[in-house]
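The structure appears right after this line, and notes come after that.
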Amino acid sequence: MNKEVVIVGGGPAGMLMGLLLAQEKVNVAVLEKNKDLSRDFRGETIAPGSVYLLKKLGVFPALEKHGFIKVRKIKMYDREEKLFSVNFDELDHPQKFGIDMPQPVVLEALKEKALTYPNFSYIEGATCTDLIKDGEKVVGVRYKESEQEFELRSKLVIGAEGRYSRLQTLGNFQVQKKEFDRDLIWFKVPKPIDWEEGNLIKVYKNDHVIILPTYPDYLRVGTYISLGGNREIKQKGISSFIDKVCTIEPRLRKPMNETIKSWEDTTLLKIFTAHLDNWANDGLILIGDSAHTMSPILGQGVNIAMQDAFKLLPYVTNGLKEHSGALPADLFTDFIEKRKKQVSFVASFQSRQEQNLAASSPFQCTIRKVKMKLLDKAPFKNKVMRRLQYGIVENETMEV
Ligand SMILES: Cc1cc2nc3c(=O)[nH]c(=O)nc-3n(C[C@H](O)[C@H](O)[C@H](O)COP(=O)(O)OP(=O)(O)OC[C@H]3O[C@@H](n4cnc5c(N)ncnc54)[C@H](O)[C@@H]3O)c2cc1C
1 MNKEVVIVGG
11 GPAGMLMGLL
21 LAQEKVNVAV
31 LEKNKDLSRD
41 FRGETIAPGS
51 VYLLKKLGVF
61 PALEKHGFIK
71 VRKIKMYDRE
81 EKLFSVNFDE
91 LDHPQKFGID
101 MPQPVVLEAL
111 KEKALTYPNF
121 SYIEGATCTD
131 LIKDGEKVVG
141 VRYKESEQEF
151 ELRSKLVIGA
161 EGRYSRLQTL
171 GNFQVQKKEF
181 DRDLIWFKVP
191 KPIDWEEGNL
201 IKVYKNDHVI
211 ILPTYPDYLR
221 VGTYISLGGN
231 REIKQKGISS
241 FIDKVCTIEP
251 RLRKPMNETI
261 KSWEDTTLLK
271 IFTAHLDNWA
281 NDGLILIGDS
291 AHTMSPILGQ
301 GVNIAMQDAF
311 KLLPYVTNGL
321 KEHSGALPAD
331 LFTDFIEKRK
341 KQVSFVASFQ
351 SRQEQNLAAS
361 SPFQCTIRKV
371 KMKLLDKAPF
381 KNKVMRRLQY
391 GIVENETMEV
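For the sequence shown, UniProt numbering assigns the number 400 to the last residue and increments by one with no breaks.
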């Protein structure tokens, strides 16, 4: 079977890319290793920039039908003292809120829309196992579906298979991987009735929690522990973990006592970032987490993955018109350069926030307080936030 483009991975980057190409009448297939789109604790917050694009694509009514939580604010407090806040209403953009909703609903809506185009196919339960090559050029993929091997030939393979990308290895890409010196523990609790709107970061001394209101009526809560500290913290028992969190945010005591009965009710996450030096070979390009796995700070992974797809679209459609065989890697040089700038802008902002959260001595905690209060008052605050939340680089629009 032949396609013009094969996309490996039906996450936010791959599914959106599939829809965009389908709309451009490109003969495209998305391969997804899972048989359904259910995921938990992944990318539930979609930044306002991506919401804007989903609206433009006509996908938003399906999301409204399901329901979501509007995210209009991000706040940081040292216990009860406000350090920093951003209100999306004050940012210079027509889209004033992000949304929080289960990622499968968003993926399903993208898939359903794409399936209305006869040139789009979605192959579920299909794990890409290898690249087909003609010399050095990638000319398709091999995949397994129900224990059977298949081949799909194409002019371009787009790798969008997330943080554990196989195509990174198969394409011999150089990866700069950074393991964090802390692990993250996540859990979900029912949202207290009088809980305020917005994503909240609370710090206290050398500890902190991240609290995200989550659809329909939950809070997703994350807190760091020292690397390898999992065994130590588990030995102390779940009640001591509840104490640790509630010392920072006492309002979590009741919902945690009612819901977090054992470590089974929490999830431990290894945090790492990974950045590729190069994202493309002849006939192959990687986008989303496959090309750049971000820190979870400020929930930007989905936003950047979706922006990658939007920005890549014209390069692919023009390339398909100009080339009869595998699309050459240099077609994507400009795209990669521009996207790397945005990725590195977000990554360095995240890294500074990581350092702030990692403050351990009283002196570092005081510096954090001063820095965040200064940032809160800085004249460039909204400009920085606009670039983060909408992915808008100077003189650029995100029009579809
Ligand atoms: C705990 C946690 C919380 C997060 N919260 C947020 C948040 O609130 N907001 C936010 O913006 N980001 C968040 N992120 C990051 C976000 O989830 C990712 O950045 C985003 O999902 C990346 O999208 P993607 O399409 O590149 O990859 P993925 O979403 O990882 O999708 C990759 C897809 O490829 C499929 N696949 C993998 N290998 C193969 C193969 N060989 N063959 C076929 N298919 C394959 C996978 O099954 C998957 O469906 C979070 C991440 C973590 C870990």
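No residue lacks a Cβ here, since even glycine has one placed at the ideal position from N, Cα and C.
From a predicted model like this one, the values you see are computed outputs, not experimental measurements.
Which residues DSSP lists as bridging leucine 268, in chain order: Ile185
Valine 8 classed as buried or exposed, judged by whether at least 16 other C-beta atoms fall within 10 angstroms: buried
Within the region 82-135, ranges of the beta strand (DSSP E) (whole runs, at least 3 residues): 98-100, 120-124, 126-134
Spatially closest choice to serine 226 from Asp183, Tyr215, His323, by CA coordinates: Asp183
Within 8 angstroms, strictly: CB atoms of leucine 276 and valine 175: yes
Between the CA atoms of lysine 369 and valine 316 - distance to the nearest angstrom: If I take the Cα positions, the gap works out to 46 angstroms.
Ligand 1 heavy atom lying under 7 angstroms from the CB of tryptophan 195: no
Cα-Cα separation, proline 314 to alanine 326: Going by the C-alpha atoms only, they are around 16 angstroms apart.
Distance cut-off 7 angstroms: lysine 270 Cβ against heavy atoms of ligand 1: no
Cβ pair count under 8 angstroms reaching 3, the region 284-303 against the region 328-346: yes
Inter-residue Cα distance where the pair is valine 189 and proline 48: 25 angstroms
Near ligand 1: serine 290 beta-carbon under 7 angstroms from a heavy atom: Indeed, a heavy atom of ligand 1 lies less than 7 angstroms from the Cβ.
Exposed unless 16 or more other CB atoms sit within 10 angstroms - verdict on asparagine 27: buried
Simplified DSSP state of glutamate 399, which is helix, strand or coil: Annotation note: pLDDT 46 at glutamate 399 (below 50); position unreliable, no value reported.
Ligand 1 heavy atom lying under 7 angstroms from the CB of glutamine 300: yes
Methionine 76 (DSSP reduced to helix, strand or coil): strand
Any non-hydrogen atom of ligand 1 closer than 7 angstroms to tryptophan 279 Cβ: no
Rounded Cβ spacing between alanine 13 and isoleucine 287 (contact assumed at less than 8 angstroms): Confirmed, about 5 angstroms.
Alpha-carbon spacing of alanine 358 relative to cysteine 365, whole angstroms: As the crow flies, the alpha-carbon of alanine 358 is around 9 angstroms from that of cysteine 365.
Assigned secondary structure, glutamate 394 (DSSP; H/G/I helix, E/B strand, else coil): With a pLDDT of 46 at glutamate 394, under the threshold of 50, the predicted position of this residue should be treated as unreliable, though the coordinate-derived value follows. In this structure, glutamate 394 counts as coil in the three-state DSSP scheme.
Cβ-Cβ separation, leucine 37 to glutamate 108 (assumed contact under 8 angstroms), whole Å: About 6 angstroms separates the two Cβ atoms, so the contact holds.
Same chain only: Cβ atoms within 7 angstroms of asparagine 206, ignoring 5 sequence neighbours per side: Ala359, Ser360, Cys365
Valine 139 - DSSP class collapsed to helix/strand/coil: strand
Alpha-carbon spacing of asparagine 2 relative to phenylalanine 60, whole angstroms: 32 angstroms
Cα-Cα separation, aspartate 134 to glycine 198: 51 angstroms
Touching by the beta-carbon criterion (3+ pairs, under 8 angstroms), the region 115-128 and the region 56-70: no
7 angstroms CB neighbourhood of phenylalanine 335 in its chain, flanking five on each side removed: Lys311, Leu312, Tyr315
Alanine 13: CB within 7 angstroms of a non-hydrogen atom of ligand 1: yes
Isoleucine 185 vs threonine 247 beta-carbon contact at 8 angstroms: no
Delimiting residues of the alpha helix (DSSP H) encompassing proline 314: 301-322
Exposed unless 16 or more other CB atoms sit within 10 angstroms - verdict on glutamate 394: Low local confidence applies: a pLDDT of 46 at glutamate 394 is under 50, so the model's placement there is unreliable, with the coordinate-based value given in what follows. With fewer than 16 Cβ atoms within 10 Å of its Cβ, glutamate 394 is classed as exposed.
Own chain residues within Cβ distance below 8 angstroms of tyrosine 390, not counting five before or after: Cβ neighbours of tyrosine 390 within its own chain (closer than 8 angstroms, five residues either side excluded): Ala47, Pro48, Gly49, Tyr52, Leu91, His93, Gln95, Met398.
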